[in-house]
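Chains as they are written, first to last, in my numbering: chain A, 83 to 464; chain B, 83 to 464; chain C, 83 to 464; chain D, 83 to 464. C-beta atoms are modelled at their ideal positions from N, C-alpha and C, and glycine is treated no differently.
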């Protein structure tokens with residue numbers, strides 16, 4: 083299925099969003115699109131990139147760009163990962179298996195959400211099936227460590243067995259953020275027939291995912307020692323936590339505010355990035371998500387020290403708009419845009435982008451215009 | 083009475099405001115909602131919080147939060163007080179006694195306005211009645227010192243006798259601010275049947291509250307010496323005044339611009355807070371009101387050095403929307419939001435929030451976007 | 083005639099503007115309201131005050147305020163002058179004589195425009211007639227020095243003879259600014275029956291006012307030596323020019339951008355003020371116009387070092403809305419607001435406002451929000 | 083043909099745009115008006131000038147202004163060049179020959195685009211025909227160096243033979259920017275009958291213009307050695323590239339972001355200008371385009387160190403609105419505005435504008451209000 087907007091192929095992620103929001107049930111659309119509280123942070127994520135400015139270099143004769151990226155031992159076709167997002171069967175009947183096929187075709191990393199509505203094994207099978215042999219790309223698994231240590235350990239074993247290449251531990255969710263669209267819509271449970279398939283126990287019962295407010299660095303250290311997989315800590319914004327993550331043995335730090343869905347009022351990841359990069363000091367890779375909607379956004383983040391970025395909602399838009407094909411279209415659009423951005427910025431590889439491309443004062447704090455609307459907010463009402 | 087918005091319980095203070103503004107008489111709604119002059123400061127109060135950014139800490143294993151707070155010898159269920167606001171019988175037939183019941187149930191401090199439309203004694207009786215034994219919470223009394231020293235002294239005695247635990251002396255009102263909505267509406271007097279009951283003299287006549295432009299530090303010092311109650315000075319914005327307050331023996335400094343109702347053009351309290359905190363230097367507690375509409379707002383203020391915050395208009399919204407139950411609902415929403423914010427910011431107690439959670443440049447002066455509108459301004463017109 | 087807005091007295095200058103714009107012919111309204119070019123500077127003038135923040139002092143026991151102000155040997159009822167504006171008969175049949183009566187009643191300075199549509203002598207007679215004996219207030223005369231030195235000298239003599247107490251020499255107009263509303267409206271000449279009466283020669287012919295691009299410091303020095311009146315230079319923004327003005331013997335410096343009507347793109351006077359005040363160093367008074375619409379605006383300017391402010395368009399609004407009574411109402415509103423602002427800021431006299439009332443970073447450059455709209459822009463379209 | 087807007091002559095470039103956008107085919111209008119990606123940079127270009135502030139000097143007795151400017155050996159009637167823009171026959175049947183006549187009449191430089199729809203020889207003939215003898219003005223030729231070195235060399239020879247006085251080498255286009263309006267409109271080819279006439283080979287076939295991502299400094303150096311014409315490098319934003327350009331022998335540096343049509347997310351040229359001027363250090367002239375819509379914009383750029391500015395879209399507006407007459411009207415408006423701006427800023431010649439006219443903090447980074455709209459965005463929808 084090929085996504086179509088007013089008779090033509092979407093030319094940007096914003097177009098893909100248009101297609102998706104017309105197709106999604108309103109309550110599901112709100113679940114995907116919404117954030118916590120007043121959505122101050124949700125808007126900030128987009129504003130930070132809208133206000134960022136990159137100084138391009140010219141006449142570098144870069145020739146064809148090389149977007150391939152190595153990350154935690156895997157090769158990716160580009161430094162753009164698919165962030166974990168929940169409940170893909172809300173967007174498309176096939177759910178995460180369609181996502182997996184699209185991501186595999188695009189040759190990058192899909193971080194399978196613990197709240198997937200397909201089993202990890204099904205997702206992994208689809209991913210391998212769609213991937214051409216040893217082409218780039220990999221599955222990672224996102225984990226909320228559960229109070230039930232045995233259950234958590236079993237999940238880690240399943241991820242290892244399914245061929246996941248890294249564990250992404252979400253650390254910004256000791257409790258669930260207050261997402262008021264969902265509260266207003268009464269969207270508190272999955273519709274009949276849908277479930278978090280990776281929390282089903284042998285009796286068929288599906289556990290709820292527990293947000294655990296006792297999760298601490300010790301638990302992370304124990305988890306780190308209990309798996310052979312690299313452990314990525316997702317949800318870090320404070321530079322002190324970034325330093326602690328490295329000291330605790332994390333294999334990567336993922337700067338994120340959970341897409342503005344947890345604590346409303348925190349800064350955009352892009353705003354928090356430079357201090358985190360300083361604190362990490364190159365000891366482990368830094369990944370960033372939140373507001374990346376354009377290839378140039380990825381390049382801006384990398385110029386400021388990120389090793390890769392991730393996108394969440396756009397992949398769901400693609401999935402809703404066109405299933406596997408829509409997911410791939412979203413990633414292909416980002417690849418094409420990033421390729422153009424690299425060419426026009428004078429870097430052959432995204433990792434060649436240096437901080438001097440972001441001149442002093444050319445990065446806009448996300449808080450500069452509290453009342454501002456972003457381009458993507460405009461246009462059609464729904 | 084349970085407030086309902088379009089058939090459901092309000093999920094935020096903004097929702098509660100929606101309910102209230104539909105119920106209030108237009109002139110009374112304007113009295114509650116309006117500010118002085120062009121309402122530059124009124125907008126600034128909200129913008130300051132909308133633009134603030136908090137850097138959360140992760141993996142601190144905080145467990146259940148403890149929001150209880152000690153303030154001037156009282157224990158509160160949370161560091162959110164009810165600021166004094168006038169004329170509660172405009173919002174609900176029961177007026178301040180309903181407010182008192184709601185606040186008592188919520189276990190925090192109600193600062194009874196000198197312009198209450200119920201007697202202090204009635205309010206105190208309701209408060210004690212609704213409070214479960216020695217549960218947290220207390221009544222404080224707000225005072226405009228009157229030129230008639232004997233009358234002022236008598237009021238202080240009444241407050242002491244009624245069990246009030248502190249005097250909140252308003253110092254930002256040597257004259258009344260120009261509230262142009264009221265001038266346009268001709269809203270200059272209370273409707274028949276309503277009166278400032280605490281200004282009624284033995285003959286039944288009700289005095290007007292005098293704004294006294296000769297009030298000075300000497301008068302405060304004398305008042306301080308004439309009561310056993312702690313004296314809080316409310317309406318301080320300049321750091322030099324904060325220092326003078328401490329030197330004059332004030333037991334707490336309350337940073338406030340009177341909800342934008344006195345001098346239009348003064349900064350948001352949040353903007354003024356850091357310099358005041360520096361000037362006070364921890365010698366007495368610092369309280370802040372003005373624009374607090376979210377739990378995270380309270381946490382931001384506390385990270386910047388406030389010991390507690392207060393809310394004014396939201397309590398009136400709750401009162402209008404649902405009487406005692408609406409007041410309690412407002413405070414319960416704030417408690418739930420603050421609890422979530424603490425969990426997500428990695429602090430067990432709000433007072434554990436440290437200034438490093440507000441990274442440099444992550445606090446937006448309220449003046450950054452003079453023409454900006456805040457989220458709460460949008461939506462339904464009335 | 084008492085101005086009325088929707089059945090009630092205007093409570094602010096914005097209200098008065100509402101009345102006026104409904105009464106003025108569209109092309110005349112545009113002449114009054116418009117600025118040069120894109121009106122970037124016109125908007126900046128208002129934004130600068132909208133974004134300014136004043137830190138009030140409390141408990142100073144100021145008692146009744148004293149707004150009287152001495153300026154160049156005259157006593158004014160308040161530090162708010164009436165700036166010179168052209169063509170008052172466009173706004174009201176009586177023109178400048180009505181303005182003069184209103185200003186005299188208000189006890190302040192009217193700067194009679196060289197482009198007045200009544201003779202200076204008529205204006206002076208009306209002013210003296212309406213002024214109660216030796217009450218505060220004075221007439222000053224605004225001059226564009228003309229290439230015809232004899233004519234210029236004759237005008238200065240007329241101003242002296244008419245009892246004008248100062249000459250305000252406009253220095254920002256070597257050529258006329260491009261006011262595109264007037265160009266679009268074809269408003270290039272006064273309607274039949276109206277003329278610049280002070281440029282009428284003995285034959286009855288009316289000269290055009292020449293904008294003279296050869297006017298320089300030498301000419302100012304010669305003018306200075308040729309009159310016993312104090313000479314005020316109006317239209318200074320650059321601090322180097324402020325210093326030159328003092329060295330050239332100017333008796334006061336008037337910071338102004340001609341209400342945004344000359345060079346679009348220059349800063350708001352408030353933004354330019356601090357550097358000018360530094361350059362002048364207290365040697366002569368500094369006056370400011372441009373965007374003053376509130377009493378607190380005057381206080382902000384004075385805290386930053388101005389000795390007085392002036393208002394232009396608001397006086398024309400008052401004149402259009404109610405003739406003499408409207409002019410007086412505008413000035414009375416400003417006086418009432420300034421009185422309130424002084425009381426609430428803790429200063430008995432406006433001149434007591436010190437720079438510390440404007441905390442660092444609490445003055446917003448007018449350029450912060452290029453696309454922002456100001457409050458006064460909103461509301462009714464015309 | 084004289085452009086007319088609602089029955090009157092346009093008084094500003096914004097008016098001219100109004101006329102043009104009503105006349106252009108929607109897809110052609112989008113081609114002219116649009117930018118790359120989200121058009122963040124396109125908006126930034128305008129915002130940078132809208133937010134800039136110039137401090138005028140007074141009483142300098144400048145007399146009549148002298149706008150003539152020498153640049154690379156040519157004399158221009160003013161320091162405003164016509165930037166190269168493609169496909170003028172989309173705007174007017176005569177295309178670039180009409181443009182040339184208008185520019186010649188205005189006495190400035192027309193940079194003929196390599197993507198012109200008329201032959202360079204026809205354009206040159208029209209230019210010379212319309213120019214009065216040795217009046218100011220010149221043709222320059224814009225070049226995308228092609229991978230086919232012989233073809234590139236032949237083009238350079240044609241430009242020399244046609245009397246072009248400089249080569250403007252575009253260096254910001256190793257690939258074509260993603261212009262999404264064109265993608266959505268399917269505007270990928272010129273309509274039948276129109277072609278890039280300077281890419282026609284002897285057989286009549288028209289080559290495509292190749293964007294060459296291998297173009298580098300060595301190729302520029304070789305081109306520099308292969309022509310007697312001055313070589314201008316257009317599309318520099320990074321100060322390091324400006325320094326390299328001078329070292330590579332460029333005769334001028336042209337600060338540009340290609341009108342926001344190449345890499346979306348780069349800063350406005352005005353924002354990038356000061357660092358470029360520092361890097362160039364006066365060794366060669368600096369030209370700037372991007373967002374210049376007013377005479378004062380040119381003066382701001384020159385105060386910050388530019389030697390001249392260029393306009394692109396406005397010339398196409400003029401061409402669409404009135405052919406040769408419209409082009410001349412656009413340039414005459416800019417000249418009139420610049421003349422007024424110089425008079426009002428106190429400079430006889432634009433080059434006399436010094437950096438102190440732009441006070442510290444009086445230049446607004448273009449990123450300050452990411453969500454802001456600029457004046458030109460408002461008004462009529464189409």
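Between the beta-carbon of residue i and the beta-carbon of residue j, is there less than 8 Å?
i: residue 252/C; j: residue 226/C; result: yes
i: residue 255/B; j: residue 340/B; result: yes
i: residue 365/B; j: residue 147/B; result: no
i: residue 437/D; j: residue 424/D; result: no
i: residue 183/D; j: residue 347/D; result: no
i: residue 131/A; j: residue 360/A; result: no
i: residue 168/A; j: residue 195/A; result: yes
i: residue 261/D; j: residue 117/D; result: yes
Distance, Cα to Cα, residue i vs residue j?
i: residue 181/B; j: residue 343/B; result: 22 Å
i: residue 303/A; j: residue 382/A; result: 32 Å
i: residue 84/D; j: residue 288/C; result: 35 Å
i: residue 136/D; j: residue 149/D; result: 18 Å
i: residue 318/B; j: residue 335/B; result: 7 Å
i: residue 296/A; j: residue 156/A; result: 32 Å
i: residue 327/D; j: residue 258/D; result: 22 Å
Under a CB-based cut-off of 8 Å, is residue i close to chain D?
i: residue 368/A; result: no
i: residue 143/A; result: yes
i: residue 423/A; result: yes
i: residue 224/C; result: no
i: residue 90/A; result: yes
i: residue 329/C; result: no
i: residue 287/A; result: no
I want to see whether chain A comes within less than 8 Å of residue i, judged by CB atoms only; does it?
i: residue 132/B; result: yes
i: residue 302/D; result: yes
i: residue 231/B; result: no
Residue i: which of the options sits nearest, CA to CA?
i: residue 229/A; options: 333/A, 406/A, 142/A and 294/A; result: 294/A
i: residue 110/D; options: 102/D, 366/D and 172/D; result: 172/D
i: residue 476/C; options: 357/C, 405/C and 250/C; result: Within the shown structure, residues of chain C are numbered from 83 to 464, placing residue 476/C beyond reach of any answer.
i: residue 308/A; options: 94/A, 89/A and 235/A; result: 235/A
i: residue 350/C; options: 133/C, 166/C, 193/C and 333/C; result: 133/C
Checking contacts by CB at 8 Å: is residue i closer than that to chain C?
i: residue 458/B; result: Interpretation of residue 458/B is limited by its pLDDT of 35, a score under 50 that renders its predicted location unreliable; the figure taken from the coordinates is listed afterwards. No, residue 458/B lies away from the interface with chain C (no Cβ there is under 8 Å from its Cβ).
i: residue 282/B; result: no
For the region 116 to 177 of chain D, which segments carrying the alpha helix (DSSP H) assignment without a break, of at least 4 residues, lie completely within its bounds, in sequence order? Restricting attention to alpha helix (DSSP H) runs no shorter than 4 residues, the region 116 to 177 of chain D encloses them at 122 to 132, ordered along the chain.
Whole alpha helix (DSSP H) runs in the region 222 to 307 of chain C with 4 or more residues, listed along the chain? Whole alpha helix (DSSP H) segments, 4+ residues: 231 to 243, 262 to 267 and 299 to 307.
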